[in-house]
Amino acid sequence: MKKNITICLGSSCFARGNHANLEIIERCLADGTLPPDMVELRGSCCEQLCSDGPNISIDGRMLHSVDAGMLAAVLEEIARPPQDTGTDPPGAGDAAYE
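Read in order, the letters of the sequence shown correspond to residues 157 to 254 in this note's numbering.
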């Protein structure tokens, strides 16, 4: 399932660091660190949270004061393959299920 990343491109957030954050996201998409089929990247004009910026929303969860370190951790989490939850029913891997 794709993650929706919305980066505020309003003048305050852009000047406070989202210009660099956008470059980081675009670079990760270009070099495959963040597979493009895993994310939908959008920009917004202003999230009206200027004093808390730079702001980036991931699937509707707003992150404030996003710097390169925080962004790297978030992108790493998004790019991490889902872990096996062990919820497959018994025998799901057996020939009877194939």
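Beta carbons: idealized from backbone N, C-alpha and C, even for Gly.
Around the Cβ of C184, a 10 Å sphere holds 16 or more other Cβ atoms; the residue is buried. Closest option to D208, judged by alpha-carbon separation, among E196, D223, M194: D223. Judged by beta-carbon spacing, L231 lies beyond the 8 angstroms limit of L197, meaning their Cβ atoms are not closer than that value. E196 is bridged by DSSP to N160.
R172 carries a helical assignment under DSSP once its states are collapsed to helix, strand and coil.
Residue range 224 to 235 is occupied by the alpha helix (DSSP H) that includes L231. Burial check for G166: the Cβ neighbour count within 10 Å reaches 16 or more, so the residue is buried. Taking the Cα positions, L219 is about 23 angstroms away from A186.
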